[in-house]
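This report concerns only the one structure given below.
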């Protein structure tokens, strides 16, 4: 197997700042150690075939220009109807749309930039998690008290057995 990638020449496709240490054959993307770990754990990509950069061969890489480009271009989705970049998120339909979609298909819908919607949804999720986190702490205390009580009961039981 011929080594085709030098870690000092390949930048992570995800964060675009760190040197790549691995390659995903399913996505055809390079990842640094941190992004590689996230890629392995994230549900939709957890089954992807990841290899270390030392094991990447020319047949694994879809384009040799990927090996030489220090920074990768941001992936953009294109609207299948209008052939334009989809930069907006329709809150009404929960879908990504292009500017032209707002005129016809998504007229009178609520929409915002994808980045703004992403931030808003993350904040909403965080807000929803806070009460759950509080309940988790309370349940941990209850479990701890139960475990302590269980220990006391076992000790008493052993004491009773010894007396018999």
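Numbering (full-length UniProt numbering), first residue to last: 1 to 164. By construction, the Cβ of each residue, glycine as well, lies at the ideal position given by its N, Cα and C atoms. Computed from a predicted structure; not experimentally measured.
Just reading off the alpha helix (DSSP H) that residue i is part of, what are its end residues?
i: residue 35; result: 33-41
Locate the beta strand (DSSP E) running through residue i, then write down its first and last residues.
i: residue 132; result: Counting along the chain, residue 132 falls outside any beta strand (DSSP E), though it belongs to the alpha helix (DSSP H) covering 114-163.
i: residue 96; result: 95-97
i: residue 53; result: Looking at the DSSP string, residue 53 is not in any beta strand (DSSP E), and its letter there is neither H nor E.
i: residue 90; result: 88-90
Pick helix, strand or coil for residue i, following the three-state DSSP scheme.
i: residue 24; result: strand
i: residue 101; result: helix
i: residue 81; result: coil
i: residue 165; result: There is simply no residue 165 to check, as the chain begins at 1 and stops at 164 in what is shown.
Here's a check: name, in chain order, each residue in its chain whose Cβ is nearer than 7 Å to the Cβ of residue i, leaving out the five neighbours to either side.
i: residue 74; result: Any reading at residue 74 must be qualified, since the residue scores a pLDDT of 43, below 50, and its modelled position is unreliable; no value is offered.
i: residue 111; result: 88, 89, 90, 91, 97 and 102
i: residue 36; result: 21, 22 and 50
i: residue 26; result: 48 and 49
Near residue i, which residues of its chain fall below 8 Å by C-beta distance, leaving aside the five closest residues on each side in sequence?
i: residue 77; result: 85, 86 and 96
i: residue 100; result: 79, 81, 82 and 84
i: residue 31; result: 12, 13, 14, 20, 21, 22, 23, 24, 39 and 50
Excluding the 5 residues preceding and the 5 following residue i in the sequence, name in chain order all residues of the same chain whose CB lies nearer than 6 Å to its CB.
i: residue 81; result: none
i: residue 117; result: 89
i: residue 141; result: none
i: residue 129; result: none
i: residue 143; result: none
Assuming residue i and residue j make a contact with CB atoms under 8 Å, what is their CB distance in whole Å?
i: residue 39; j: residue 33; result: Residue 39 to residue 33, Cβ: 11 Å. No contact.
i: residue 20; j: residue 50; result: Not confirmed; about 11 Å, so no contact.
i: residue 88; j: residue 105; result: Not really, about 12 Å apart at Cβ, beyond 8 Å.
i: residue 122; j: residue 109; result: Not really, about 21 Å apart at Cβ, beyond 8 Å.
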